[in-house]
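Engineer: Encoded as structure tokens, here's the structure I'll be asking about.
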Amino acid sequence: MAADRELDARGLNCPLPILKAKKALAEMHSGQTLKVVATDAGSVRDFQAFAKQTGNLLVHQETLGGDFVSVLKRR
């Protein structure tokens with residue numbers, strides 16, 4: 006899935022993927038998408054909760070091998 010920006014959070018454990026995504030989203034415009042690739046399995050649940058708490062839209066999640074991909078749309 007194509008995104009306006011991609012964040013490589015491989016090798017980072019909670020809460021770093023969320024913190025880096027929050028910072029990246031703050032630098033983006035409304036409606037732009039951020040693709041986050043993480044290796045922490047907990048990031049799947051974390052990004053679901055993050056989207057609900059912040060009002061950003063979680064548009065896609067998938068697992069590719071050992072990578073957990075989440076795509077967020079900036080509110």
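Each residue of the sequence shown is one higher than the one before, starting from 6 at the first, in the working numbering.
The beta-carbon is built from N, C-alpha and C at its ideal position, and this holds for glycine as well.
How long is the line joining the alpha carbons of K40 and G60, rounded to whole angstroms?
Structural biologist: Taking the straight line joining both Cα atoms gives about 16 Å.
Engineer: Within a Cβ cutoff of 6 Å, which residues of the same chain sit near D9, ignoring the five residues on either side of it in sequence?
Structural biologist: Result list for D9: Q37, T38, in chain order.
Engineer: Could you give the first and the last residue of the continuous beta strand (DSSP E) run that contains A43?
Structural biologist: Segment 38–43, the beta strand (DSSP E) holding A43.
Engineer: If you draw a straight line from the alpha carbon of H34 to that of H65, how long is it in whole angstroms?
Structural biologist: The alpha-carbon atoms of H34 and H65 are separated by roughly 19 Å.
Engineer: Where DSSP assigns a beta bridge to V49, which residues make up the other side?
Structural biologist: Note: V49 sits in no beta bridge, so no partner.
Engineer: Since A73 sits in a beta bridge, which residues does DSSP pair it with?
Structural biologist: According to the sequence displayed, residue 73 carries Phe and not Ala. F73 pairs with A43, T68.
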